[in-house]
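Everything in the sequence shown is counted per our numbering, starting at 2 for the first residue and increasing by one.
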Amino acid sequence: MSFNDEDVNKLLSAIVRSSTALRVIEALGRVKLVRGGGGEGYRSVVRLSCESNYCKFVESDCPAYTLASVYVLGLFRDLFRISANLRPMYLLSAEAHGVILDRLAYTIPYGVYENLMYIPPNIDTPENRFMKFILNSVVRCGERGIRVPRWLINEVNWALRFTWLSKVTDVEEVDLRELIARKPHLNPPYDVLLELGGVLRRETAGVEYIYRLLEIYVLGIIVDSLGEGYDIEMSIRGGGLEINLSNGVKVYYQVGLGELCELKEYECWVPDIVVIKDNLIFVVEIKATGYVDYLKDGALQVLNYARQLQDCLNYVNVKPILVYYGVKDEDVNKLISECFRDKVESISLKLDNHESKLLGLFHVLFRTYFRKFQ
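Structural data, given as structure tokens:
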């Protein structure tokens with residue numbers, strides 16, 4: 002299935018409504034920063050709409066600005082915190098400590114200097130202006146009454162006021178050609194900023210990773226259905242995410258079976274989502290397609306993941322779940338009943354303010370099996 006503009010807009014809006022999904026995207030930004038590589042495609046799906054190498058604020062792009070801002074907060078999280086903690090800031094000559102902004106946005110001073118951050122004179126660079134443009138855009142969205150989480154506005158305002166960004170010029174538009182010229186000289190995490198610019202077009206290379214957003218949307222709903230208001234702690238594990246809920250449930254996103262089973266031969270097996278609670282495991286695979294045959298492959302895939310987990314972890318109770326978008330429900334029901342004898346649970350996505358219904362569905366599903374096998 003190809004996502005059209007309506008599908009993309011529905012998906013972006015749905016994710017903006019999910020605070021948990023936004024937190025996941027922020028955490029994926031940290032993966033990119035920590036590993037220096039991150040999951041390919043995560044950055045592609047949060048691109049802004051820019052034409053002829055110029056990015057301007059467009060109100061209709063507010064969902065994309067929201068996702069891009071969250072991702073930037075994740076990418077630069079540690080740099081923001083160190084910058085803010087080292088206030089007050091004094092602008093010194095570059096010779097004072099030899100700081101090069103393209104290599105590091107901050108430096109920890111020699112021990113004789115305390116509470117001091119050296120900032121080179123060229124802090125007002127194209128990449129910093131582009132970053133500030135992205136963060137300013139989501140604030141503008143909030144000011145226009147467009148739904149933006151309050152916690153996100155607060156964190157963005159904090160970054161704009163209390164980090165080196167406070168010394169960077171505000172711009173109404175960004176010329177990406179400046180960034181393109183500087184790309185060979187940009188080091189992580191600044192190199193990723195350039196990739197947030199571009200046109201969100203389905204035929205563009207990398208946009209197939211729009212399916213990653215579908216996975217993140219489902220992940221947010223699953224976590225919310227399990228958490229019941231509990232604290233959520235996210236950590237990075239093998240390039241994916243490990244989400245620990247305070248009620249003892251563990252949720253893994255894009256974490257390979259090699260990590261979960263601690264067996265190297267399983268390292269290429271990477272389910273979308275795995276939920277573990279005591280002696281019960283749920284394996285979730287998300288597919289968007291218009292073809293039943295492709296969905297059949299997805300069902301086989303999640304069934305194999307479930308069997309491998311059952312073998313390597315010695316868990317008796319493993320439930321495979323297939324979440325799908327784009328295929329008629331009656332066709333899927335027929336496929337599951339005839340080919341898989343109902344061994345695979347199937348759940349349909351709609352993206353039309355469907356969160357509450359889907360949340361309830363997952364909640365009932367998990368609770369039913371928790372009670373059944375306790």
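Just so it is clear, CB atoms sit at the ideal spot from N, CA and C, and this is done for glycine as well.
Between F131 and L194, the C-beta gap is smaller than 8 Å, which places the two residues in contact. From the listed residues K288, K278, V345, the smallest Cα separation to N305 is found for V345.
DSSP assignment within the region 110-179 yields the following whole alpha helix (DSSP H) runs of 4 residues or more, N-terminal first: 127-144, 151-163. Cβ-Cβ distances below 7 Å link A85 to F163, T164 in the same chain, with the five nearest sequence neighbours on each side left out; the list follows chain order.
Here P185 is exposed, its C-beta having fewer than 16 other C-beta atoms within 10 Å. Judged by pairs of C-beta atoms under 8 Å, the region 282-295 touches the region 316-328, as three or more such pairs exist. Assignment of N280 by DSSP, reduced to helix, strand and coil, places it in the coil class.
Taking the CA atoms as reference points, Y212 sits about 14 Å from K351.
In this structure, the straight-line span from the alpha carbon of L314 to that of Q255 is close to 18 Å. Within the DSSP bridge table, the entry for S236 names E243 as partners. Close CB contacts of D171 within its chain, under the 7 Å cut and outside five residues either way in sequence, are with K133, N137 (chain order). Here the region 261-273 does not lie against the region 50-64, with fewer than 3 beta-carbon pairs under 8 Å apart. Taking a contact as a CB-CB distance under 8 Å, the pair V73 and G30 counts as one, their CB atoms being some 7 Å apart.
In the three-state reduction of the DSSP assignment, K320 falls in the strand class. In the three-state scheme derived from DSSP, where H, G and I count as helix and E and B as strand, E27 is classed as helix. Distance from the CA atom of R18 to the CA atom of N5, rounded to whole angstroms, is 20 Å.
At a Cβ-Cβ threshold of 8 Å, I282 and N318 count as neighbours.
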